[in-house]
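Asks: Just so it is clear: in the sequence shown, position 78 is 78 by the numbering used here, and no numbers are missing.
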Amino acid sequence: MINLCLIRCNKVTIMEVKATTTAIISLALSKPDNTQTSLGDTVAHTHSLSLFPYQWLLCFSSQPLSGPENGSEFLCLESTMEAQDDDYKKKEMTALVTILVFASFAIASCLAAFSYYCYLRSKVSAYRLKNEKIKEGECVDKGSGISNLKVTVDKGVQVFTFKQLQSATGGFGKSNVIGNGAFGTVYRGALQDGKKVAVKLMDHSGKQGEEEFQVEVDLLSRLRSPYLLSLIGYCSEKNHKLLVYEFMENGGLQEHLYPFSGSNSIRQKLDWETRLKIALEAAKGLEYLHEDVNPPIIHRDFKSGNILLDKNFHAKVSDFGLAKLGSEKVGGHVSTRVLGTQGYVAPEYALTGHLTTKSDVYSYGVVLLELLTGRVPIDMKRSPGEGVLVTWALPRLTDREKVVEIMDPTLEGQCSMKDVIQVAAIAAMCVQPEADYRPLMADVVQSLVPLVKQNRPASKNGSSSSSYHAATQSPNM
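(1) With Leu448 and Leu276 assumed to form a contact (beta carbons below 8 Å), what rounded beta-carbon distance in angstroms separates them?
(2) Could you tell me the distance, in whole angstroms, from the CA atom of Met441 to the CA atom of Glu255?
(3) What residue range is occupied by the uninterrupted alpha helix (DSSP H) comprising Thr357?
(4) Taking DSSP as the reference, what is the three-state secondary structure of Lys163?
(5) Do Leu201 and Gly251 have their beta-carbon atoms positioned less than 8 Å apart in this structure?
(6) In angstroms with no decimal places, state the Cα-to-Cα distance between Ala95 and Cys110.
(7) Following the continuous alpha helix (DSSP H) through Gly285, name the residue where it begins and the one where it ends.
(8) In this structure, does DSSP put Arg188 in helix, strand or coil?
(9) Output the boundary residues of the alpha helix (DSSP H) element that contains Ser447.
(10) Can you list, in chain order, the residues of its chain with a C-beta nearer than 8 Å to that of Leu355? Leave out the 5 residues immediately preceding and following it.
(11) How do the region 235-254 and the region 382-391 stand: do at least 3 beta-carbon pairs fall below 8 Å, yes or no?
(12) By Cβ distance, which residues of its chain are closer than 6 Å to Ser230, with the 5 residues on each side in sequence left out?
(13) Leaving aside the five residues before and after Ile421 along the sequence, list all residues of the same chain whose C-beta is less than 8 Å from its C-beta, in chain order.
(14) Can you check whether the CB of Leu289 is closer than 8 Å to the CB of Pro296?
(15) So for Gln342, helix, strand or coil by DSSP?
(16) I'd like to confirm something about Cys110: is its beta-carbon nearer than 7 Å to some heavy atom of the ligand FMN, or not?
(17) Rounded to a whole number of angstroms, what is the C-alpha to C-alpha distance between Ala359 and Leu351?
(18) Since Glu246 sits in a beta bridge, which residues does DSSP pair it with?
(19) Are there 16 or more other CB atoms within 10 angstroms of the CB of Gln342, so buried, or fewer, so exposed?
(20) Work out the CA separation of Val186 and Ala198 for me, nearest whole Å.
(21) Between which two residues does the beta strand (DSSP E) carrying Leu351 extend?
(22) Would you kindly work out how many angstroms separate the C-alpha atoms of Tyr344 and Thr391, rounded to a whole number?
(23) Please look up how many angstroms separate the CB atoms of Tyr362 and Cys415, rounded, as I've assumed it's under 8 Å.
(24) Are there 16 or more other CB atoms within 10 angstroms of the CB of Ala435, so buried, or fewer, so exposed?
(25) Give every residue of the same chain whose Cβ lies closer than 6 Å to the Cβ of Leu165, excluding the five residues on either side of it in the sequence, and list them in chain order.
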């Protein structure tokens, strides 16, 4: 394109003319008097145009490029080829900028994706490391048919055949039943070497029973504490899943507080000193799970029925089928479906599914109330307001006069009021509705230690000479 500029009295008229290099441009130019002048003689195809951007060809009077029409006006020539070149460069620059922007965005996206990939890998690695922290010398039980089922051979966990355990329990006869649970029946048995054992025959009809079996073998084969029930071995043949534990002669704590259906014997009531010892040893079992294992283990089904007693009434925590790995963060929680036993489940866990070690503390508080009162956690046959143990007992636990009202009548004359009040205070803290107000199990242990007379045989006949009233009068109390 060629712009023809007519300058007249400071007025500029720009006209665009198509130009070629082989022809003379002809254009009729309007004059002020509306007459036209041909420009054919003015511009020739041999005319050389400047290609520098934004540069006008100068107007000349009486030059070959543009001649004067008259004395007061000049015909000037501007090359728009330079403008076209400039437009091209602008478009080129725009395209270049666009490419750079998209390239930068692509690079940033790749970096972000790579960073996220690295983050995921680190999380997966951390998870794997967490699950392997307490594993030592493991071998896979390839015959079990259960993925990820591992046992620690060097710690004495044995693999039994179904026939061996069938023989040990007398064919799983009813006379050898010593307990029933949600996921199976427990039988008394004896191995070929004469060692007494308890054999749990898992209910293989449900997926939950399968999961409980795997969790219990995995945990108990690695955890070692004098306050946890020892796993001797297991059997996994086809649909048969069995767990073999050390035998606890005095059964479950629940049987000594109140009889339950299916029990083959009636247990004698426990005295105050024995109850305190059981409370302390059960607390030490939970303390081990919460404080000495990383990440902490939440029992999730702590109750009097899962506290077993040996021949000397030493307590051990049992039944880890519902156990869950807790959060490593201080005050953290894990979210899971609500499982456990009615009356022992912490309120925040029941409402939100948020599980913490403080959920076990609540359950422990309920057990402490059972030891204190001799009542079951839920008994809707009782008078209105007394059906739920925690709801009924909590307002009375911190009242010196009312705490006597909730005591198990069989304990009268066996304990000092000071000890009763202290145990009641511990129970009250453990069953607080707000989880943050509950103590750690380590604190519970430290509070109970001074109350338990160490190295003294447990009495089962209630021969303690101190009484409520005598204790309140003693200056040493």
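The beta-carbon is built from N, C-alpha and C at its ideal position, and this holds for glycine as well. On a predicted model such as this, the values are computed, not experimentally measured, just so you know.
Replies: Result, derived from the coordinates:
(1) Sure, about 7 Å apart at Cβ, within 8 Å.
(2) Between Met441 and Glu255, the C-alpha separation is close to 25 Å.
(3) That run of the alpha helix (DSSP H) goes 357-373.
(4) In the structure shown, the three-state DSSP call for Lys163 is helix.
(5) Leu201 sits away from Gly251, with the two beta carbons spaced by 8 Å or more.
(6) Counting only the Cα atoms, Cys110 lies some 22 Å from Ala95.
(7) For Gly285, the enclosing alpha helix (DSSP H) covers residues 272-291.
(8) In this structure, Arg188 counts as strand in the three-state DSSP scheme.
(9) Counting along the chain, Ser447 sits inside the alpha helix (DSSP H) bounded by residues 441-448.
(10) Excluding positions up to five away in sequence, the list reads Ile298, Arg300, Lys324, Gly326, His333, Val334, Ser335, Thr336, Tyr349.
(11) Judged by Cβ distances under 8 Å, the region 235-254 makes no contact with the region 382-391, as fewer than three pairs qualify.
(12) Within its own chain, the residues whose Cβ lies closer than 6 Å to the Cβ of Ser230, once the five positions on either side in sequence are excluded, are Glu246, listed in chain order.
(13) Counting only Cβ-Cβ distances below 8 Å, and skipping sequence neighbours, we find Arg400, Val403.
(14) Closer than 8 Å, so yes.
(15) Here Gln342 carries a coil assignment [DSSP, helix/strand/coil].
(16) Among the components modelled here there is no ligand, and therefore nothing to report on the ligand FMN.
(17) According to the sequence displayed, residue 359 carries Ser and not Ala. C-alpha separation (whole angstroms): 12 Å.
(18) Beta-bridge partners assigned by DSSP to Glu246: Val197.
(19) The residue is exposed, with fewer than 16 neighbouring Cβ atoms inside 10 Å.
(20) Going from the Cα of Ala198 to the Cα of Val186 covers about 6 Å.
(21) Annotation for Leu351: no beta strand (DSSP E) segment contains it, though the alpha helix (DSSP H) segment containing it runs 347-352.
(22) Distance between Tyr344 and Thr391, taken at the CA atoms: about 12 Å.
(23) Not quite, the Cβ-Cβ distance comes to about 24 Å (not below 8 Å), so this is no contact.
(24) By the 10 Å Cβ count, Ala435 comes out buried.
(25) Shown here for Leu165: same chain residues with a beta carbon closer than 6 Å to its own, the five before and five after excluded, namely Val199, Cys235, Leu242 in chain order.
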